[in-house]
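Below is one structure, written out as structure tokens, with a few remarks after it.
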Amino acid sequence: MHAQERIRPPAVAGMFYTGDPKALSAEVAGMLAGADRAGDLPRMPKALIVPHAGHIYSGPIAASAYALLAGAAQTIRRVVMFGPAHRVAVNGLALPEAEAFATPLGVVPLDLAAMRAAEVLPQVTISAAAHATEHSLEVQLPFLQAVLGDFKLVPFVVGHTGGHQIAEVIDLLWGGPETLIVISSDLSHYLPYAVARQKDGATTSSILHLQPLTEFEQACGALPINGLIEVAQRRGLKPTLLDLRNSGDTAGDRARVVGYAAFAFEEAGHA
């Protein structure tokens, strides 16, 4: 495999977010600057839940979480990310064959040692196809590149599995303050505005009370969210809701909306 083939190129640049590097950098910087910092946490978050629609729709909501990482570039060196499969059927959790992911802002190296360690688990597989066109992970990278700069990524596309199996992977790669866990998920899909607000409010309440989600209609990333909830229960993480909106609030009409929320999870005792 040649060096170029080991880099997974951007699949949704120019569709889900701006493909021009300068415009993308300015767009992300603007969303981070506009994020509501009134909810700043006393501790650096150990885990985030962030939405993954096009930046015009969910970018400001995701930015409310990533803005909390300002000043963490010297601390967070690894991001372990879980996003639901949208394009390719996956059994378990799929790692890529690549050694790096590229966006218009540059190349993010993968943590190959961590990936090899995770491969020992029976639910973890390798699938280039699962990652080739998947957007749920890619749309997060420009934000992480903006706030962290130099970091390594461990990207999982989540398919048919269970929350406990995902919790096992999270536990394995938990690490210390150098490791951030990111769960990529939208909430309800294509409901009328008022119905979506009600349903997303209930889903948000479940997450804040560390109660597992019971249906994919609540969140496309329900499984990785449930994996994080299991770990949060055991490790005493405290969740905080940072932003809750939908596409009718940002850039779409209100007849059929998609829900977006951002959460931060703090680890007790780590300032």
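Each residue of the sequence shown is one higher than the one before, starting from -5 at the first, in our numbering. Note that CB positions come from ideal geometry on N, CA and C, so glycine has one too.
Alpha carbon of residue i to alpha carbon of residue j, nearest angstrom
| i | j | result |
| --- | --- | --- |
| Met(-5) | Ile164 | Summary for Met(-5): the model assigns pLDDT 42, below 50, so the residue's position carries little reliability, and this model does not support an answer. |
| Leu115 | Gly246 | 41 Å |
| Arg191 | Thr12 | 28 Å |
| Leu270 | Thr234 | The requested residue 270 is not part of the displayed model; the chain covers only -5 to 265. |
| Ile219 | Ala20 | 30 Å |
| Leu62 | Gln68 | 14 Å |
| Glu93 | Gln227 | 33 Å |
| Leu18 | Ala111 | 34 Å |
| Leu207 | Ser199 | 10 Å |
| Ala126 | Thr155 | 20 Å |
| Leu42 | Gly195 | 18 Å |
| Ala7 | Arg229 | 37 Å |
| Thr273 | Asp144 | Any question about residue 273 goes unanswered here, given that the chain covers just -5 to 265. |
| Lys40 | Val102 | 20 Å |
| Met316 | Ala249 | Past the boundaries of the shown model lies residue 316; the chain is included only from -5 to 265, so the question cannot be answered. |
| Leu185 | His129 | 22 Å |
| Lys232 | Ile1 | 36 Å |
| Tyr187 | Ser52 | 15 Å |
| Met9 | Gly169 | 34 Å |
| Leu236 | Val141 | 17 Å |
| Gly242 | His183 | 12 Å |
| Val189 | His80 | 24 Å |
| Thr244 | Lys193 | 18 Å |
| Ala265 | Arg37 | Because Ala265 sits at a pLDDT of 46, beneath the cut-off of 50, its placement in the model cannot be relied upon, and the following sentence gives the value as read from the coordinates. Computed Cα separation, rounded: 5 Å. |
Reduced DSSP category for residue i - H, G, I as helix; E, B as strand; rest coil
| i | result |
| --- | --- |
| Leu217 | helix |
| Gly8 | coil |
| Asp38 | In the sequence on display, residue 38 carries Met and not Asp. Coil, per DSSP. |
| Gly143 | coil |
| Leu235 | strand |
| Ala64 | coil |
| Met(-5) | Only weak support exists for where Met(-5) lies, its pLDDT of 42 falling under 50; the value from the coordinates is given anyway. Residue state, collapsed to three classes: coil. |
| Ala122 | helix |
| Ala47 | coil |
| Asp247 | coil |
| Pro149 | strand |
| Ser58 | helix |
| Ser179 | coil |
| Val228 | The identity of residue 228 in the sequence shown is Arg, whereas the question assumes Val. Residue state, collapsed to three classes: helix. |
| Arg2 | strand |
Beta strand (DSSP E) segment containing residue i, residue limits
| i | result |
| --- | --- |
| Phe257 | 251 to 260 |
| Gly77 | 72 to 78 |
| Ser241 | Unbroken run through Ser241 is the alpha helix (DSSP H), 241 to 244; no beta strand (DSSP E). |
| His203 | Segment: none, His203 is in no beta strand (DSSP E) and carries neither H nor E. |
| Leu185 | 183 to 185 |
| Pro106 | Correcting the residue identity first, residue 106 is Leu in this sequence and not Pro. Note, Leu106: premise wrong, no beta strand (DSSP E); alpha helix (DSSP H) at 106 to 112. |
| Leu131 | No beta strand (DSSP E) holds Leu131; the alpha helix (DSSP H) holding it covers 129 to 132. |
| Pro103 | 100 to 103 |
| Ala94 | 94 to 97 |
Start-to-end residues for the alpha helix (DSSP H) that takes in residue i
| i | result |
| --- | --- |
| Gly157 | 157 to 166 |
| Val266 | Because the chain is modelled from -5 through 265, residue 266 falls outside the range shown and cannot be assessed. |
| Pro171 | It is not in any alpha helix (DSSP H) - Pro171 carries neither H nor E in the DSSP assignment. |
| Ala88 | No alpha helix (DSSP H) holds Ala88; the beta strand (DSSP E) holding it covers 87 to 89. |
Nearest-angstrom Cβ-Cβ length linking residue i and residue j, presumed shorter than 8 Å
| i | j | result |
| --- | --- | --- |
| Ile160 | Val74 | That pair is no contact at about 11 Å. |
| Ile223 | Leu204 | 5 Å |
| Val82 | Ala23 | Not a contact, Cβ separation roughly 33 Å. |
| Arg71 | Glu162 | Contact doesn't hold; Cβ gap of about 22 Å is too wide. |
| Gly221 | Gly157 | 5 Å |
| Ala255 | Pro54 | Actually they do not touch by this definition, with Cβ atoms about 12 Å apart. |
| Glu260 | Leu26 | That belief does not hold up - the Cβ atoms of Glu260 and Leu26 are roughly 20 Å apart, past 8 Å. |
| Pro4 | Glu132 | 6 Å |
| Ala47 | Val252 | 6 Å |
Touch check for the region 176 to 186 and the region 204 to 216: three-plus C-beta pairs under 8 Å?
yes
When the Cβ atoms of the region 144 to 151 are set against those of the region 74 to 91, are three or more pairs found closer than 8 Å?
yes
Could you tell me whether the region 96 to 112 touches the region 47 to 63, using the rule of 3 or more Cβ pairs below 8 Å?
no
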